[in-house]
Amino acid sequence: MSKPDTVGVQYVRARVFNYTAADLPSGSFVPALKLPMGSILVDAFNLVESPSNAGAADVLDVGTVAAPASFLDNADFKTAGRTPFAMLGGPYPQGLALGVTRTAAGTTAFAGRGSLVVHYVVKGVADEVYG
């Protein structure tokens, strides 16, 4: 097998969606991140920085409109910490639009803060070319 004359290097890109309990009404799909055509997820997680103070339960799902819990299902918003996405990979030829659905029970939360962090590369893109 022959070596190519040029080699492309691509840097991992990141998108971050910061949220608070007030940004995510219970039971509603909230658009969060839009990734470009050809995206391949290499790492993704939810980071709860300040836990929710909802009464009984407070969980987050991350996914698409068609499959709202396909990437993260029932991540605890009442406990600080990092929860990795259950699904990575791609490429997503049409891009990828992710959203968050929160399900809270009990008294209404007035505290809680976190971030969705997605690291990805884009098929066919090179940031540097050597050759």
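When the count follows numbering that gives the first Met the number 0, it moves up by one through the sequence shown with no breaks and lands on 130 for the last residue. Heads up, the beta-carbon is just placed ideally off N, CA and C, and yes, glycines get one too. Note that this is a predicted model, so its numbers are computed, not measured.
Determine the DSSP secondary structure at residue i, reduced to helix, strand or coil.
i: residue 126; result: coil
i: residue 56; result: strand
i: residue 108; result: coil
i: residue 85; result: coil
i: residue 103; result: strand
i: residue 13; result: strand
i: residue 20; result: helix
i: residue 31; result: strand
Since residue i and residue j are thought to touch, with beta carbons under 8 Å apart, how far apart are those beta carbons, to the nearest angstrom?
i: residue 86; j: residue 69; result: 6 Å
i: residue 97; j: residue 74; result: 13 Å between Cβ atoms; not a contact.
i: residue 41; j: residue 124; result: That pair is no contact at about 14 Å.
i: residue 92; j: residue 54; result: Going by Cβ atoms, the distance from residue 92 to residue 54 rounds to 43 Å, so no, they are not a contact pair.
i: residue 108; j: residue 51; result: 4 Å
Which residue wins for smallest C-alpha separation from residue i, given the options the options?
i: residue 67; options: 5, 95 and 90; result: 95
i: residue 26; options: 14, 45, 57 and 18; result: 57
i: residue 14; options: 116, 84, 71 and 99; result: 116
i: residue 44; options: 99, 8 and 106; result: 99
i: residue 63; options: 29, 7 and 89; result: 29
i: residue 83; options: 21, 61, 6 and 35; result: 61
i: residue 77; options: 102, 90 and 71; result: 102
Tell me the residue span of the beta strand (DSSP E) that contains residue i.
i: residue 94; result: Run containing residue 94: none; DSSP gives neither H nor E here.
i: residue 42; result: 38–49
i: residue 75; result: 71–75
i: residue 6; result: 6–8
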